[in-house]
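Colleague: Protein chains in written order, with my numbering: chain A, 6 to 118; chain B, -3 to 361.
We put the beta carbon where it would ideally sit given N, CA and C, even for glycine.
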Amino acid sequence: LNTSMDWDTFNTLRATFEQASSGEWQEVLTELLGNMDTVVVELELAAQAGDANRVRRAAHTLKSNAGSLGAVDLAATCREMETLARAESLNDIPELIERMRVEFDYVKRIVSV
Amino acid sequence: MSSARPVTGSILITDDDPSMRMMLRRVLHRDGFTVWEAEDGIQALKFCATHHAPDIMLVDAMMPNLDGFGLCEELQRLGIKTSILIITGLDDEESVDRAFKVGAIDYVTKPIHWPVLRQRVKRIMQAKELEQMKDDLTTMIVHDMKNPLSTIRGYAELMLQDRNPDAWNLESVSRIYHNSVKLLNMTMMILDIGRLEEGKMPLQPSQRPVMDALVETQQAFEWMATDHDVHLAVHADDPAVAAILDWNLITRVIGNLVSNAIKHSKVGSTVIITAGTNEECLLLSVIDQGEGISEEDQKMIWNRFTQAKLRRSGTLLDTGLGLTFCKLAVETHGGRIDLKSELGYGSQFTLVLPGVLVPQAEQQA
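1. Report, in whole angstroms, the separation of the C-beta atoms of P50(B) and I7(B), which I expect to be a contact under 8 Å.
2. For P350(B), list the residues DSSP reports as bridge partners.
3. From V55(B) to H47(B), what does the alpha carbon distance come to, in whole angstroms?
4. I'd like to know if R21(B) contacts chain A, where contact means its C-beta is closer than 8 Å to some C-beta of that chain.
5. So with CB distances below 7 Å, who are the chain A contacts of R26(B)?
6. So the alpha helix (DSSP H) W32(B) belongs to, where does it begin and stop?
7. Run through chain A and tell me which residues come within less than 8 Å of I108(B), C-beta to C-beta.
8. So V60(A) and A90(A) are supposed to be a Cβ contact under 8 Å. How far apart are they, rounded?
9. Run through the DSSP bridge pairs and tell me what T266(B) is partnered with.
10. Would you please verify whether the beta carbon of M16(B) is less than 8 Å from any beta carbon of chain A?
11. Tell me whether G351(B) is buried or exposed, calling it buried when 16 or more other Cβ atoms sit within 10 Å of its Cβ.
12. Label T14(A) either buried or exposed according to how many other C-beta atoms from any shown protein chain fall within 10 Å of its C-beta, with 16 as the threshold for buried.
13. Quick check on the DSSP output: the alpha helix (DSSP H) that includes P107(B) runs from which residue to which?
14. Which chain A residues sit within Cβ distance under 8 Å of M58(B)?
15. Would you call S255(B) buried or exposed, if buried means 16 or more other Cβ atoms sit within 10 Å of its Cβ?
16. Checking contacts by CB at 8 Å: is V116(A) closer than that to chain B?
17. Look up P393(B) in the DSSP assignment and say whether it is helix, strand or coil.
18. Throw me the rounded Cβ distance for the L192(B) and L324(B) pair, which I believe falls under 8 Å.
19. Answer yes or no: does any C-beta atom of chain A fall closer than 8 Å to that of D13(B)?
20. Quick check on the DSSP output: the alpha helix (DSSP H) that includes A257(B) runs from which residue to which?
21. Check each candidate in L38(A), K68(A), A52(A), V116(A) and name the one with the smallest Cα separation from K106(B).
22. Could you give the C-beta distance for I250(B) and I269(B), rounded to a whole number, given that I count them as a contact under 8 Å?
23. In the DSSP assignment, the beta strand (DSSP E) including R332(B) goes from what residue to what residue?
24. Any beta carbon from chain A within less than 8 Å of V92(B)'s own beta carbon?
25. Within 10 angstroms of the Cβ of V112(B), are there 16 or more other Cβ atoms? Answer buried if so, exposed if not.
26. For A76(A), name the three-state secondary structure that DSSP assigns.
27. What residues from the stretch 32 to 48 of chain A come within 8 Å of chain B, judged by C-beta to C-beta, listed N to C?
28. What residues are listed by DSSP as bridge partners for L54(B)?
29. Find the nearest neighbour of R114(A) within the set S94(A), S73(A), L34(A), judged by alpha-carbon distance.
30. Who are the near neighbours of G331(B) in its chain, counting only those whose CB is closer than 7 Å to its CB and skipping five residues on each side?
31. Find the nearest neighbour of L48(A) within the set E36(A), H65(A), G39(A), judged by alpha-carbon distance.
32. Going by C-alpha to C-alpha distance, which of R22(B), K142(B), V31(B), T30(B) sits closest to E36(A)?
33. Does the separation of the CB atoms of G37(B) and D63(B) fall below 8 Å?
34. Kindly indicate which three-state DSSP category I115(A) falls into: helix, strand or coil?
35. With a Cβ-Cβ cutoff of 8 Å, do M197(B) and T328(B) count as a contact?
36. First and last residue of the alpha helix (DSSP H) that includes A49(B)?
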């Protein structure tokens, strides 16, 4: 999978926290990825329940977190889900969740290096 | 405002995204701010109702329950004064217009560019601080004008009731005169600071023996020194040294420093006005044995907008505008004022004035 990363955004984020102490960046990254895991679960539950509003909110949060990391493709997939959920069109959501999962796994690996 | 002084203040982060709150909290806390968090607009309103309104609110535009725009409207409706910085998605330009309409003063887009956010928050906080200091200064000046005005009115009323000029004693007239001089001096000081800052006060230099000017100042403040039971002395390394300066301005500067020194001196101590030279500079010092100024306060005494804070702490006994005037007047001469001070031991203010000394040969000519 070729997922694009905006490395400038990622490196600025990392530098912002590494500037304080070497351990802070690891704490921030762990907490951020952990929170994103929680939102992914919420997104899946909301999709299973057919709750468009919850899907939209979860996709919105995930989009924002992905954007913070500079994970451009992951953010784009989340934006797509957010747009569909806003239009209450949930048919393509399961397929997008699958794509999002793969992209998210890749991002987790690449940013944790 | 001194850029070296850290900016402080309180910030309420309102965002339903815990990751965003976590990152904002860490960054802003590290920058020295007191940070609180709210998960949505409702929580933010509850916070404002139960605590003081924060200096700045960082508000996410899209939140459940009460979103960023609804929150801004509510804050306006409730008359809660805080500076709102809206956080909005890059793909949401419409939100920016809406944010300004509901009272936000600035915005940042997601993904957040952290250095930009930090600068923006710092700038807003500095602007708020400056605004507060200006308000404090205005209040302080008005307060300082009220006392002499009340005295003038009181004595004038007494004289009007009496209507017999023969009965007007010299004391009443003298009090009216001294208080009106005080008011006029304050007014002139405020006007002069404005002119000096704008560079609209042309210097009127003339040659004069330095000792003459110092003795004149000594004589002018002898009554004040006696009132405070303080000795006032003058010393010049070379009594014959002369300098070309705007002597009207410089004697006012020395007078201001002497007046401050006397007010802060211990009973029975001595205030010395000295003149010396160093390389190409004339050095004029006012030295006291008073309570001294802490290192922290030394950074603030020259800025008129920080004077209110100093008066509350007791470092200043008046508006403190005099020191701003002194600094500007000396800088207009191309010089500077050095301050050495130690708590409990006293202060030494030294005017360092380059290129103003008159060579001995020219003095004789």
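Modeller: Put simply:
1. Position 54 of the second sequence, counting from 1, holds the residue named residue 50(B). Position 11 of the second sequence, counting from 1, holds the residue named residue 7(B). At roughly 6 Å, the Cβ-Cβ gap stays under 8 Å, so P50(B) and I7(B) are in contact.
2. Counted from its first residue, the second sequence places residue 350(B) at position 354. In the DSSP output, where bridge partners are listed per residue, P350(B) has C277(B).
3. Taking the second sequence and counting its residues from 1, the one referred to as residue 55(B) is at position 59. Taking the second sequence and counting its residues from 1, the one referred to as residue 47(B) is at position 51. The straight-line gap from Cα to Cα measures roughly 17 Å.
4. Here residue 21(B) refers to the residue found at position 25 when the second sequence is read from its first residue. Taking Cβ atoms only, chain A never reaches closer than 8 Å to R21(B), which makes this a no.
5. Taking the second sequence and counting its residues from 1, one reaches residue 26(B) at position 30. Simply A25.
6. As a position in the second sequence, residue 32(B) is number 36, starting the count at 1. It is not in any alpha helix (DSSP H) - W32(B) instead sits in the beta strand (DSSP E) that spans 30 to 34.
7. Translated into the one-based positions of the second sequence, residue 108(B) becomes position 112. Those are S73, listed as they occur along chain A.
8. Translated into positions along the first sequence, residue 60(A) becomes position 55. Translated into positions along the first sequence, residue 90(A) becomes position 85. Contact flag correct, Cβ pair sits at about 4 Å.
9. Position 270 of the second sequence, counting from 1, holds the residue named residue 266(B). In DSSP, T266(B) forms a bridge with H227(B).
10. Residue numbering aside, residue 16(B) sits at position 20 when the second sequence is read from its first letter. M16(B) counts as touching chain A.
11. For the purposes of this step, residue 351(B) is taken as residue 355 along the second sequence, with counting starting at 1. The residue in question, G351(B), is exposed, as its Cβ has fewer than 16 Cβ neighbours within 10 Å.
12. As a working note, residue 14(A) is residue 9 in the first sequence. It counts as buried.
13. Within the second sequence, numbered from 1, the residue matching residue 107(B) stands at position 111. P107(B) -> no alpha helix (DSSP H), and no H or E assigned at all.
14. Against the second sequence, residue 58(B) aligns to sequence position 62. Residues of chain A passing the Cβ test: H65.
15. Here residue 255(B) refers to the residue found at position 259 of the second sequence. Counting Cβ neighbours within 10 Å, S255(B) comes out buried, since at least 16 surround it.
16. To locate residue 116(A), count along the first sequence from 1; it is residue 111. No, no contact with chain B.
17. Outside the shown range of chain B, which is -3 to 361, sits residue 393(B), and nothing can be said about it.
18. Translated into the one-based positions of the second sequence, residue 192(B) becomes position 196. Translated into the one-based positions of the second sequence, residue 324(B) becomes position 328. Right, their Cβ atoms sit about 4 Å apart.
19. The residue you call residue 13(B) lines up with position 17 of the second sequence. At least one chain A Cβ lies under 8 Å of D13(B).
20. Here residue 257(B) corresponds to residue number 261 of the second sequence, with the count starting at 1. A257(B) -> alpha helix (DSSP H) spans 243 to 259.
21. Here residue 106(B) refers to the residue found at position 110 of the second sequence. The shortest C-alpha separation from K106(B) is found at K68(A).
22. Taking the first residue of the second sequence as position 1, residue 250(B) is located at position 254. Taking the first residue of the second sequence as position 1, residue 269(B) is located at position 273. Contact holds; Cβ gap of about 7 Å.
23. Taking the second sequence and counting its residues from 1, the one referred to as residue 332(B) is at position 336. Element bounds for R332(B): 332 to 338.
24. Within the second sequence, residue 92(B) is the residue found at index 96, counting from 1. No, V92(B) does not count as interfacial toward chain A.
25. Locating residue 112(B) in the second sequence gives position 116, where the first residue counts as 1. Label assigned to V112(B): exposed.
26. Position 71 of the first sequence, counted from the first residue, corresponds to residue 76(A). Looking at A76(A) - three-state DSSP - the assignment turns out to be strand.
27. V33, E36, L37, N40, M41
28. Here residue 54(B) is taken as the residue at index 58 of the second sequence, counted from 1. In DSSP, L54(B) forms a bridge with I9(B), L81(B).
29. Taking the first sequence and counting its residues from 1, the one referred to as residue 114(A) is at position 109. Among S94(A), S73(A), L34(A), the Cα nearest to that of R114(A) is on L34(A).
30. Start at 1 with the first residue of the second sequence, and residue 331(B) comes out as number 335. Counting only Cβ-Cβ distances below 7 Å, and skipping sequence neighbours, we find L347, V348, L349, P350.
31. By one-based count along the first sequence, residue 48(A) stands at place 43. Taking only the C-alpha atoms, the option nearest L48(A) is H65(A).
32. Taking the first sequence and counting its residues from 1, the one referred to as residue 36(A) is at position 31. Closest by alpha carbon: R22(B).
33. Translated into positions along the second sequence, residue 37(B) becomes position 41. Translated into positions along the second sequence, residue 63(B) becomes position 67. For G37(B) and D63(B), yes; Cβs fall inside 8 Å.
34. In the first sequence, the residue the question calls residue 115(A) occupies position 110. In the structure shown, I115(A) sits in a helix (DSSP, three-state: H, G or I).
35. Walking along the second sequence from the start, residue 197(B) turns up at place 201. Walking along the second sequence from the start, residue 328(B) turns up at place 332. Yes, the Cβ-Cβ distance between M197(B) and T328(B) is below 8 Å.
36. Numbered from 1 along the second sequence, position 53 holds the residue referred to as residue 49(B). Per DSSP, A49(B) belongs to no alpha helix (DSSP H) and is neither H nor E.
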